[in-house]
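One structure is given below, encoded as structure tokens.
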Amino acid sequence: MWQAGQRVQIIKRDAEKGGVLRLGTEVVSDQQGTIAALLGASPGASTAAPIMLDLLEKVFGDRVSSPQWQATLKAIVPSYGRKLNGDVAATERELQYTSEVLGLKYDKPQAADSTPKPQLKPQPVQKEVADIAL
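The sequence shown begins at 1 in UniProt numbering and counts up one residue at a time.
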């Protein structure tokens, strides 16, 4: 038997709250950045890239902040370092770019105004169902 969709919960120490319940995957590393581990569930496709970027920032913080690494990371992830939440235009550009790179068809979302208006049509007359037991 295989288990699928299993979720993991951890309690992380917090200076103010004592402990904070966290769901999913957590990256932990030593202070020197010489060893790191992934605790929790193995990441899925939607979280793997952000988790690995977080790992790079934790373990290679000084290198990640260098111009050379910044250029490399932005070549791999053009939106790296920018918040897309709330920036509709930037989000659209990233979705378009990602679709092109992956060879996917991308249909730009339509504005709410362009939603077709419902058309009122009379319902067809329903015929009575024969009362026959088969």
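Note that CB positions come from ideal geometry on N, CA and C, so glycine has one too.
Along the alpha helix (DSSP H) that carries residue i, what are the first and last residues, could you check?
{"i": "LYS74", "result": "67-76"}
Straight-line CA distance for residue i to residue j?
{"i": "LEU84", "j": "LEU120", "result": "40 Å"}
{"i": "LEU73", "j": "TYR80", "result": "7 Å"}
{"i": "PRO109", "j": "ASP87", "result": "14 Å"}
Hey, would you say residue i sits closer than 9 Å to residue j, going by beta carbons?
{"i": "ALA36", "j": "LEU55", "result": "yes"}
{"i": "VAL27", "j": "ILE11", "result": "no"}
{"i": "ALA49", "j": "THR25", "result": "no"}
{"i": "GLN31", "j": "LEU21", "result": "no"}
Along the beta strand (DSSP E) that carries residue i, what are the first and last residues, could you check?
{"i": "ASP14", "result": "9-14"}
{"i": "LEU23", "result": "18-23"}
Sorted by chain position, which residues of the same chain lie with C-beta nearer than 8 Å to residue i's C-beta, five sequence neighbours on each side aside?
{"i": "GLU100", "result": "TYR106"}
{"i": "PRO78", "result": "GLU94, TYR97"}
Tell me the DSSP secondary structure of residue i in three-state form.
{"i": "THR115", "result": "coil"}
{"i": "ARG91", "result": "At residue 91 the sequence reads Thr, which differs from the Arg that was named. In this structure, THR91 counts as helix in the three-state DSSP scheme."}
{"i": "LEU84", "result": "coil"}
{"i": "LEU120", "result": "coil"}
{"i": "ALA36", "result": "strand"}
Within the same chain, show all residues whose beta-carbon is closer than 7 Å to that of residue i, passing over the 5 residues directly before and after it, in chain order.
{"i": "ARG63", "result": "TRP69"}
Just checking residue i against the ligand SAM - is the residue's beta carbon closer than 8 Å to any of the ligand's heavy atoms?
{"i": "GLY33", "result": "In the structure on display, the ligand SAM does not appear, and there are no ligands present to speak of."}
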